[in-house]
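Peer 1: This is the structure, below, for whatever I ask next.
Residue numbers (UniProt numbering): 1 to 372.
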């Protein structure tokens, strides 16, 4: 599995947390309730002659270091700058554990006081290192309860071999899912979830993150999805707002994929990358026709479909027999992969040719596919 990179969050990897600039294209109505009020400290300040919204916008455009300096040096603008300082947090697990061992104040104290300001959280147990040195990110999970307005989260790392995923996560995702009454549900603003937990064993109740109603984007890296049991969640088919689903290096069976695709109301983006099961010559259950049947649950809404066989997979094929290199044969009875029944589909990138001829097969991968 490739080592993930957080170029957007690596501005201060030496600190326990680092604020990151907000996305200017993202509207955030929950933020205004904390910032667009005149702070008492500004009562006699000459700043009061300017609209408070102007100050909020200017602070949002400041570099990270300047926002922190403004918060510490300007008493009048401290209430406006504080939400922007703690809006986006990056947590290296090595620093988190070091502070715990030394009984220093750190992330737990921070979220207890400023957790309601946090919109984006990245928990990084990799920090650019090789996989055997990755750190378990699970011990950060209890503190997520202090982040009621969390919108985007990415959790990277590894757990002990075969350590059960649901032991750490299921209760959290259960309380955010459709199984919890709305008045008791947490993470009501959560829109994006990215999980990459190496060596994790997902099973039992680990599937609750599939039925969080507010999540619109879900990215899963390397999780064992073949042990999921969705049989008790049939009443939630077509009930979530998931728009984008990416499965990268998944361990998954066809039944689990079909069940996962049944929950969104209208999925528009689906990407499955580096999945050995897609090579049906290795796994007879994954024929193109059966895969198409699984995808048909979202045929009315799907706009982008990517079945990626990237350069990395080609390299792995030379090292592991699990990845077969025999090209698809359109004359095979189970080959039929006709995408003409997907009326909204406008982008298809995959190593399985579309037999309808709607999406001509390219002879080589473009730069975008290879770089991914």
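For every residue, glycine included, the Cβ atom is placed at its ideal position computed from N, Cα and C.
Model, not experiment: these values are computed from the prediction.
Given a threshold of 16 other Cβ atoms within 10 Å of its Cβ, counted over all protein chains shown, does residue 65 qualify as buried or as exposed?
Peer 2: Counting from one through the chain shown, the residue named residue 65 turns up at place 65. Exposed, since its Cβ has fewer than 16 Cβ neighbours within 10 Å.
Peer 1: Specify, as a first and last residue, the run of the alpha helix (DSSP H) that residue 52 falls within.
Peer 2: In the chain shown, counting from the first residue as 1, residue 52 sits at position 52. Note, residue 52: alpha helix (DSSP H), 52-61.
Peer 1: With DSSP as the reference, please indicate the residues paired to residue 92 in a beta bridge.
Peer 2: Position 92 of the chain shown, counted from the start, is the residue given in the question as residue 92. In DSSP, residue 92 forms a bridge with 124.
Peer 1: What does a CB cutoff of less than 8 Å around residue 341 pick up in its chain, not counting 5 residues either side in sequence?
Peer 2: Counting from 1 along the chain shown, the entry for residue 341 is found at position 341. Cβ within range, chain order: 296, 299.
Peer 1: Where do the N-terminal and C-terminal ends of the beta strand (DSSP E) with residue 244 fall, by residue?
Peer 2: Taking the chain shown and counting its residues from 1, one reaches residue 244 at position 244. Segment 244-248, the beta strand (DSSP E) holding residue 244.
Peer 1: Helix, strand or coil for residue 112? Go by DSSP, reduced to three states.
Peer 2: Counted from its first residue, the chain shown places residue 112 at position 112. In this structure, residue 112 counts as helix in the three-state DSSP scheme.
Peer 1: Can you tell me the Cα-Cα spacing of residue 235 and residue 70, whole angstroms?
Peer 2: Here residue 235 refers to the residue found at position 235 of the chain shown. Here residue 70 refers to the residue found at position 70 of the chain shown. Distance between the alpha carbons of residue 235 and residue 70 is about 51 Å.
Peer 1: Along the alpha helix (DSSP H) that carries residue 71, what are the first and last residues, could you check?
Peer 2: What you label residue 71 is simply residue 71 of the chain shown in a count that begins at 1. For residue 71, the enclosing alpha helix (DSSP H) has its first and last residue at 64-73.
Peer 1: Tell me, please, whether the stretch 183-199 touches the stretch 251-260 by the rule of three or more beta-carbon pairs shorter than 8 Å.
Peer 2: no
Peer 1: Would DSSP call residue 106 helix, strand or coil?
Peer 2: Sequence index remark: in the chain shown, residue 106 carries index 106 (1-based). Coil.
Peer 1: Which residues mark the beginning and the end of the beta strand (DSSP E) in which residue 270 is found?
Peer 2: Within the chain shown, residue 270 is the residue found at index 270, counting from 1. 269-273 is the span of the beta strand (DSSP E), which, as asked, contains residue 270.
Peer 1: According to DSSP, is residue 187 part of a helix, a strand, or is it coil?
Peer 2: As a working mapping, residue 187 is identified with position 187 in the chain shown. Reduced to three states, the DSSP call for residue 187 is coil.
Peer 1: Just grab the DSSP bridge partners of residue 304 for me.
Peer 2: Position 304 of the chain shown holds residue 304. DSSP lists 269, 347 as partners of residue 304.
Peer 1: Sorted by chain position, which residues of the same chain lie with C-beta nearer than 6 Å to residue 55's C-beta, five sequence neighbours on each side aside?
Peer 2: Locating residue 55 in the chain shown gives position 55, counting from the first residue. 80, listed in sequence order.
Peer 1: Under the three-state reduction of DSSP, which class applies to residue 76: helix, strand or coil?
Peer 2: On the chain shown, position 76 is the one that residue 76 refers to. Three-state result, residue 76: coil.
Peer 1: Which residues in the same chain as residue 116 place their Cβ atom closer than 7 Å to its Cβ, once the five residues preceding and following it in sequence are excluded?
Peer 2: Taking the chain shown and counting its residues from 1, the one referred to as residue 116 is at position 116. Taking residue 116 as the centre and dropping the five residues before and after it, the same chain places the C-beta of 148, 149 closer than 7 Å to its C-beta, in chain order.
Peer 1: Counting along the chain, where does the alpha helix (DSSP H) carrying residue 292 start and finish?
Peer 2: As a working mapping, residue 292 is identified with position 292 in the chain shown. Here the alpha helix (DSSP H) through residue 292 covers 288-295.
Peer 1: Suppose contacts are defined by Cβ-Cβ distances below 9 Å. Is residue 187 in contact with residue 140 by that definition?
Peer 2: To locate residue 187, count along the chain shown from 1; it is residue 187. To locate residue 140, count along the chain shown from 1; it is residue 140. In this structure, residue 140 does not lie closer than 9 Å to residue 187 by Cβ.
Peer 1: What did DSSP end up calling residue 154 once you bin it into helix, strand or coil?
Peer 2: In the chain shown, counting from the first residue as 1, residue 154 sits at position 154. Residue 154 falls in the strand class under three-state DSSP.
Peer 1: What are the boundary residues of the alpha helix (DSSP H) that includes residue 254?
Peer 2: Taking the chain shown and counting its residues from 1, one reaches residue 254 at position 254. Residue 254 -> alpha helix (DSSP H) spans 254-260.
Peer 1: Alpha carbon to alpha carbon, how far is residue 153 from residue 193? Give it in angstroms, no decimals.
Peer 2: Taking the first residue of the chain shown as 1, we reach residue 193 at position 193. Taking the first residue of the chain shown as 1, we reach residue 153 at position 153. Going from the Cα of residue 193 to the Cα of residue 153 covers about 5 Å.
Peer 1: Can you tell me whether residue 231 is helix, strand or coil according to DSSP?
Peer 2: Locating residue 231 in the chain shown gives position 231, counting from the first residue. Here residue 231 carries a helix assignment [DSSP, helix/strand/coil].
Peer 1: Tell me the rounded alpha-carbon separation between residue 126 and residue 49.
Peer 2: Residue 126 sits at position 126 when you count from the first residue of the chain shown. Residue 49 sits at position 49 when you count from the first residue of the chain shown. The alpha-carbon separation between residue 126 and residue 49 amounts to approximately 48 Å.
Peer 1: Who are the near neighbours of residue 264 in its chain, counting only those whose CB is closer than 6 Å to its CB and skipping five residues on each side?
Peer 2: Position 264 of the chain shown, counted from the start, is the residue given in the question as residue 264. Once the five neighbours on either side are set aside, the close Cβ partners of residue 264 are 240, 242.
Peer 1: What did DSSP end up calling residue 215 once you bin it into helix, strand or coil?
Peer 2: To locate residue 215, count along the chain shown from 1; it is residue 215. Note: residue 215 maps to coil in three-state DSSP.
Peer 1: Grouping DSSP H, G and I as helix and E and B as strand, with all else coil, what is residue 35?
Peer 2: Numbered from 1 along the chain shown, position 35 holds the residue referred to as residue 35. Here the model assigns residue 35 a pLDDT of 38, short of 50, so the residue's position is not dependable and the matter cannot be decided.
Peer 1: Out of curiosity, what's the CA-to-CA distance linking residue 155 and residue 246?
Peer 2: In the chain shown, residue 155 corresponds to position 155, counting from 1. In the chain shown, residue 246 corresponds to position 246, counting from 1. If you take the alpha carbons of residue 155 and residue 246, they lie about 15 Å apart.
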